[in-house]
Amino acid sequence: MATPQKLTSSPCTALKGDLTPPGDKSISHRSVMLGGIAEGTTTVTGLLEGEDVLCTVAALREMGAKIAKDEKNVWHIEGVGPAGLQEPKNVLDVGNSGTSARLLIGLCAGNAFTARFTGDASLRKRPMGRIVEPLSRMGARFESENGKLPLSVTGAANPTPITYELPVASAQVKSAILLAGLGAEGVTRVIEPVPTRDHSENMLRSFGATLAVTKREDGADIVSLTGKPHLKAQHIDVPADPSSAAFPLVAALLCPGSRVVLRNVGLNPRRAGLISVLREMGGSIAIENRRMQGGEPVADLTVTPGELSGIDVPASHAPNMIDEYPILFAAAACAKGTMRMRGLKELRVKESDRLALMAKGLAQCGVNLDIEGDDMIIHGTGKPPKGGVCVETAMDHRIAMSFLVLGMQTPEPVSIDDGSFIATSFPGFTAMMNGLGAKIQNG
Ligand code: S3P
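What follows is the structure, encoded as structure tokens:
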């Protein structure tokens, strides 16, 4: 385990700059997985080289895919082709990455071999029952002590194509079932009452799979994938991650006199909830140059500060901005008036219990807040809280980055106990933020 790396963010003035945030984590994972099982060599530009995605790269290599980066930073993934995945000899350690764990277990569930998975202390606490249950119905067999990692999966030689209604709004569960369904004879269906990110569906289609999305009478989406497709290698140009862009974006909204341009940011409607919420709060975010990149909508964002006001964010927003709540809490802590964010149960099972941990750290910084059921209520004064504390991050990259952004405006610095996990999703975060004018230092 890496040594904890304490970081301190001190008050700064205007942020200025023009940058492209790192590649989208969800799209990067999926490009490595689908590239790894397709026929031919997939090329990927803009791949997120964060620790989470590198865990997926290592796992696919362990199962037979040849993956290398060339001198121009283009990743080449030689796929193993239909039924070509090999049984991994070693335990697949996917570190901090829930996406690697759930999607790769799904992939293995449709292949007749045994794979063993483990992860770090954060990932070993996270629920896997949500994938074990549907994948068992498809014929996979599991061994685990408590429905969590470490876990071993023995895939089905002939997976059963199931129809499964998601009990939790989770793109990871949906994707795990679809990846297992690739090995099934017939149509696997996932019903989503609440839409979640659809990168798996988009990418499966672009690799040549037959995948249809229809509506149930009540409006739920039915995603139908025909099994045993011939997946053909693609070129993928990964857009910048809106979840990572969220940190410099909120920082620029909060720091007076700022002007920050964020290029190539993915604006898939199922990911872009934060932008509409911040705009409704009064944030000034200009969206320009809308275009398509790698099958996904992207645009350039120009962010300038404004007075933010607390609003009511309905639970229906949660799936389209689930990873952005920690940084939204930081924004709400500096806004004027009460901000109520509803339906945040899923935040309790992320890299940490984000509801509890953010509440604890914000309260230490001097924020007046309440948690009622699964709602977070933040009573802002229109001024940043005082800061002057060191908060616990519990191996959670987004908690770490959220408090460092808050510390840019609190009168007293904010420290975090460990910034090493930032590298899971946003390598180079500190340098990028300091390049804009932030004052983040070791220690
Ligand atoms: C992800 C889905 C989300 C998100 C995670 C990445 C994905 O999780 O929180 O960071 O790539 O599919 P859930 O689908 O479990 O909500």
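Per the numbering used here, the sequence shown starts with residue 2, numbered consecutively.
A virtual CB, placed ideally from N, CA and C, is assigned to each residue, including glycine.
As the structure is a computational prediction, the values presented were derived from the model and not from experiment.
With the cut-off set at 8 Å, would you say residue i and residue j are in Cβ contact?
i	j	result
Thr1	Ile163	For residue 1 there is no data in the structure shown, the boundaries of the chain being 2 and 444.
Phe118	Glu88	no
Phe404	Gly438	no
Ile192	Tyr165	yes
Gly267	Asp238	no
Asn321	Ala287	no
Val54	Val33	yes
Met409	Pro12	yes
Ser10	Val304	no
Ser259	Leu16	yes
Val92	Ser101	no
Arg127	Gly99	yes
Under the DSSP definition of a beta bridge, which residues are partnered with residue i?
i	result
Arg260	Lys17
Val188	Thr227
Ala287	Thr303
Val415	Ser10
Gly24	Ala241
Met433	DSSP, once it has assigned bridges, lists no residue as partnering Met433.
Gln410	In the DSSP output, where bridge partners are listed per residue, Gln410 has none listed.
Arg341	Asp313, Ile378
Ile441	Ser10
Using only the alpha-carbon positions, how far apart do residue i and residue j sit?
i	j	result
Ser27	His200	7 Å
Cys56	Lys440	31 Å
Phe248	Val45	25 Å
Leu150	Cys256	41 Å
Phe208	Gln235	6 Å
Ile78	Ile68	5 Å
Val390	Ala213	51 Å
Ala66	Ile106	16 Å
Gly148	Val224	26 Å
Ala172	Ala319	12 Å
His231	Gly295	20 Å
Gln6	Ala432	15 Å
Does any heavy atom of the ligand S3P sit closer than 7 Å to the C-beta of residue i?
i	result
Gly344	no
Ile323	yes
His77	no
Lys7	no
Glu347	yes
Arg198	yes
His318	no
Thr57	no
Lys149	no
Gly274	no
Any idea if residue i is buried or exposed, counting beta-carbon neighbours within 10 angstroms, 16 or more meaning buried?
i	result
Gly374	exposed
Val406	buried
Ile372	exposed
Ser317	exposed
Glu72	exposed
Pro385	buried
Thr394	buried
Within 7 Å: the Cβ of residue i and any heavy atom of the ligand NAP?
i	result
Ala172	Because the ligand NAP does not appear in the structure shown, any question about it cannot be addressed here, the ligands present being the ligand S3P.
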